[in-house]
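Residue numbers (my numbering), protein chains in the order written: chain A, 1 to 148; chain B, 1001 to 1148. Report on the structure given below.
Number of protein chains: 2
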Amino acid sequence: MPANLERAEALYEAVNQLIRVHQFRDRDYICSHDVSVAQCYALETLVKRGPLRLQALADEMYLDKSTTSRVVDSLLRKEYVLKLLDPADQRAIQLSLTPAGEALYHTIHQDLIMEEASLIKDLSPEVIDGTLTLIQQLTKAARARLGS
Amino acid sequence: MPANLERAEALYEAVNQLIRVHQFRDRDYICSHDVSVAQCYALETLVKRGPLRLQALADEMYLDKSTTSRVVDSLLRKEYVLKLLDPADQRAIQLSLTPAGEALYHTIHQDLIMEEASLIKDLSPEVIDGTLTLIQQLTKAARARLGS
DNA sequence: TAATTTATGTTGTTAGTAACAACTATAATA
DNA sequence: TATTATAGTTGTTACTAACAACATAAATTA
Chain A
1 MPANLERAEA LYEAVNQLIR VHQFRDRDYI CSHDVSVAQC YALETLVKRG
51 PLRLQALADE MYLDKSTTSR VVDSLLRKEY VLKLLDPADQ RAIQLSLTPA
101 GEALYHTIHQ DLIMEEASLI KDLSPEVIDG TLTLIQQLTK AARARLGS
Chain B
1001 MPANLERAEA LYEAVNQLIR VHQFRDRDYI CSHDVSVAQC YALETLVKRG
1051 PLRLQALADE MYLDKSTTSR VVDSLLRKEY VLKLLDPADQ RAIQLSLTPA
1101 GEALYHTIHQ DLIMEEASLI KDLSPEVIDG TLTLIQQLTK AARARLGS
């Protein structure tokens, strides 16, 4: 079915373009707030998934524990994250956000959402909702393949 | 209008997730083909925008010329790209693809599109087309902000 | 024409992204 | 008790990417 293939190509190109502009915008914005993109992603994950061990945080972020360890380390130096020792397991640490870390994430998040809102302000709610559904389906399908 | 803000938030989250899974998938696939993501992007740009000077390639990729210079350098060492001197301007170089570079890009591109096709095979053409339109509008709007 | 300015690419430096392997220390299992 | 597995850190390597400084060549101006 050639029509499907053409749609696939068009969608692939479109998503690629979207990824690029989104990334540029987000990187510039995030980096103007004392944290890098990866650091901000770690803050986000801790906001959403609560206190986590390092390995669990790495799993959520699809990153190696060594990479995650260093990202966390820089957040620690900036005092956006706390390391609490687990009394039940001397090896483990519980990572949680400081109030400053939580506040910083919310500031960045809010502003990025305002940006997004101004981007879609002229689009019809129906189209937006349809797109939302498809993007979620695409993501789900793509994620299913990540494991295999 | 709170409804719009909620939509913006949902869309922002969805796009973020999409970006992450797309990136993982693409990176794994591209890196199994002897080139890095940035190198592949340079190949793509040269395929689509034809022979370019280094500064022009950098502009197309929204990268600094120094970054681009090094990306091109690695493609040169792998013989996927040619540097031709411009007789009219001794400073300038014209970058073009070797047949191997062009072939490599098409191989990667084709396979990534097949992936995308299998992701959307169960979705209705109407929804896909609607999404395509919105993603393109989003991209256009976001790109317009990049300059300012 | 000579001097200054601008444009093209490269190289030095720095910081962030990210994986794999090796390592220490602790916990769990045999 | 000895072995194996788990949690996190550190060493190493490669990629991504910007800014500054530089050499060279072209264009402009005086």
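All residues carry an ideal CB built from backbone N, CA and C; glycine is no exception. The model shown is predicted, which means the values in this text are computed figures rather than measured ones.
The CB of K65(A) never comes closer than 9 Å to any CB in chain B; the least such distance is about 17 Å. Listed in chain order, the non-local C-beta contacts of A1042(B) below 8 Å within the same chain comprise L1057, M1061, T1068, V1071, V1072, L1075 and V1081, local neighbours out to five positions each way being set aside. If you draw a straight line from the Cα of A1010(B) to the Cα of K1083(B), it comes to about 46 Å. Taking a C-beta cut-off of 9 Å against chain B, the contacting residues of the stretch 16 to 46 of chain A are N16, Q17, L18, I19, R20, V21, H22, Q23, F24, R25, D26, D28, Y41 and E44, listed in chain order. The stretch 1103 to 1112 of chain B and the stretch 1018 to 1034 of chain B touch, with no fewer than 3 CB-CB distances between them shorter than 8 Å. In summary, the residues of the stretch 109 to 134 of chain A whose CB is separated from some CB of chain B by less than 9 Å are H109, L112, I113, M114, E115, E116, A117, S118, L119, I120, K121, D122, L123, P125, E126, V127, I128, D129, G130, T131, L132, T133 and L134, in the order they occur in the chain. 8 Å or more divides the Cβ of R53(A) from the Cβ of I19(A). Exclusion of the five residues before and after T1107(B) leaves H1033 as the residues of its chain whose Cβ lies within less than 8 Å of its Cβ. Secondary structure note for L97(A): it is in no alpha helix (DSSP H), and the uninterrupted beta strand (DSSP E) holding it is D89 to L97. The beta carbon of K1065(B) sits closer than 8 Å to the beta carbons of L1054, Q1055 and A1058 from its chain, once the five residues preceding and following it are set aside; these are given in chain order. In the DSSP assignment, K83(A) is bridged to L95(A). At a beta-carbon threshold of 7 Å, the residues of chain B lying near A141(A) are L1119, ordered along the chain. Classified as exposed, A88(A) has fewer than 16 neighbouring CB atoms from the shown chains inside 10 Å of its CB. Chain-ordered listing is empty here: chain B has no CB closer than 9 Å to the CB of Y105(A), the nearest sitting near 13 Å. At a cut-off of 8 Å between beta carbons, A58(A) makes no contact with chain B. For the C-beta of E9(A), the chain B residues within less than 7 Å are, from N- to C-terminus, I1113.
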